[in-house]
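Since the structure comes first, as structure tokens, the remarks are kept for the end.
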Amino acid sequence: MKSFALIAVILTGWLLLSAVSDFPDWGDTESPANDYRLSQHYITETFPESSVPNMVTAVLADYRGYDTMFETVVIFVAGIAIMSILRRKPLDHLKDKGKETRTYKKDPDLIIDTTCRLMIPIIQLFALYVVAHGHHSPGGGFQGGVIFGASFILLALSRDLQAAQRWVPEKRVLNLAGIGILIYSGFGFACMLLGSNFLDYEILHKIMPATPVEARSHSMLGVEIGVAFTCTAIMFSIYSNLASNGDMKETL
Amino acid sequence: MELFEALSTKFNYWIYIIIMMIGLYAMISKNNLVKKLIGMSIFQTAIILFYVSIGVKEGATIPILYHDQVHPSHGDSHHEADTGHGEDHHPSHEEIVANLHIEPDDFGNPLPHVLMLTAIVVGVATLGVGLALTQKVYRDFGSIEESEILKSIKSAK
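So the protein lines, in turn, are chains W and G. Going left to right, the first sequence walks through residues 204 to 455 as this note's numbering numbers them. Going left to right, the second sequence walks through residues -9 to 147 as this note's numbering numbers them.
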């Protein structure tokens, strides 16, 4: 099996390497990807069209809104899938056998406890900044959501899973993940109700105190918040299911 | 010398192919399911490297406009002279756009960044589902070694 794998890998690698000379040079501004008018349009017209200086967020949340919406659905489905694969009732009979005598109610370590107590609020504040400022500086819903979820994972690591679950119990995880997608698709359907296309944010200036151009910027912030909700919930759900082997009792 | 030139101008493709082949080899040949998943992750990283390196432009910055371009009122006396409102005046969007000049070669290509942002999310999702399946396999078979799982499947028949 190993020699077969080596032959396959070398063959594939040789085929790919023989095509390298046809690729554009590193940093070539004239390469097809960089010279194509779509990417030129994104660079020059994003700010005039949507008043958002961060082109990546503008393309993500506005021009390719469908893609991002179903991306959010993908992580939602992944979270549901992990839950349905792993989730089970805690195995009480294991404890009766006396095999699992590890005590999970450890006394919290002073240094770890104090450090995490200081770190977690700052991490969460930073996550909110990354979400809220995502269309003006590097950031956005996915990144901020993952940082926010990581703060709960840190809480679960430093104490135990129950401490984190007091803030995000399983029911709230599912609710938050669903609310995120509802916020995103709600913006799309609001555009439809006002007589425009799905996710065509410009029409939302009718219900927002903003010009059509600014409405696109504000709507991007709105859908990013939806993405952040789903991301936060699913990241913590993936961690808590994987770390507790599905019974939500004991962790690492 | 020619080979060195070919290597130096296209080194990003060489690196991505090497990393990708490491991941592919791990996925095919490793016996342990978690090691296979690590291989898949390495494979995805290679694809991300490939796409991001395609969007690079020589001498360009990240695809975010400069603060001075978007808020030209700071240190730019042009608008104040026009309107006479003093330092409190904020130029409207139309005024900013009229004075805005963006050179496409000054900013990196945003499209590969967007595509890879979503690819990273898919990567996290697939890795999570893969790890969950591995845990389930361990629960049912007591092992995550492929050969031992196949053995216990055969003996169950």
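Ideal Cβ positions, reconstructed from N, Cα and C, are used throughout, including at glycine.
The contact set of residue 89/G on chain W, defined by CB atoms closer than 7 Å, is empty, because the minimum CB distance reaches about 11 Å.
DSSP links residue 22/G through a beta bridge to 135/G. Nearest to residue 405/W by alpha-carbon distance, out of 253/W, 283/W, 322/W, 317/W, is 253/W. Counting every other CB atom within 10 Å of its CB across the protein chains shown gives residue 81/G a total of 16 or more, marking it as buried. Burial state of residue -7/G is exposed, judged by a 10 Å Cβ sphere holding fewer than 16 other Cβ atoms. The secondary-structure analysis by DSSP pairs residue 257/W across a beta bridge with 54/G. The shortest CA-to-CA distance from residue 453/W to any of 397/W, 362/W, 418/W is the one to 362/W. In chain order, 122, 125, 126 make up the part of chain G whose C-beta sits under 8 Å from the C-beta of residue 289/W. Rounded to whole angstroms, the gap between the alpha carbons of residue 376/W and residue 212/W is 42 Å. A Cβ-Cβ contact shorter than 8 Å links residue 285/W with residue 119/G. One Cα belongs to residue 94/G, the other to residue 54/G, and the distance between them is close to 12 Å.
DSSP places residue 401/W outside both helix and strand once states are collapsed to three, so it counts as coil. Counting along the chain, residue 318/W sits inside the alpha helix (DSSP H) bounded by residues 313 to 335.
Of 447/W, 400/W, 417/W, the smallest CA-CA separation from residue 268/W is found for 400/W.
According to the DSSP secondary-structure assignment, residue 97/G is paired through a beta bridge with 51/G.
232, 234, 236, 237, 241, 242, 243, 245, 246, 247: these are the residues of the region 232 to 247 of chain W whose beta carbon lies less than 8 Å from some beta carbon of chain G, given in chain order. Scanning the region 350 to 419 of chain W for uninterrupted alpha helix (DSSP H) segments of 4 residues or longer gives 364 to 368, 373 to 396, listed from N- to C-terminal end.
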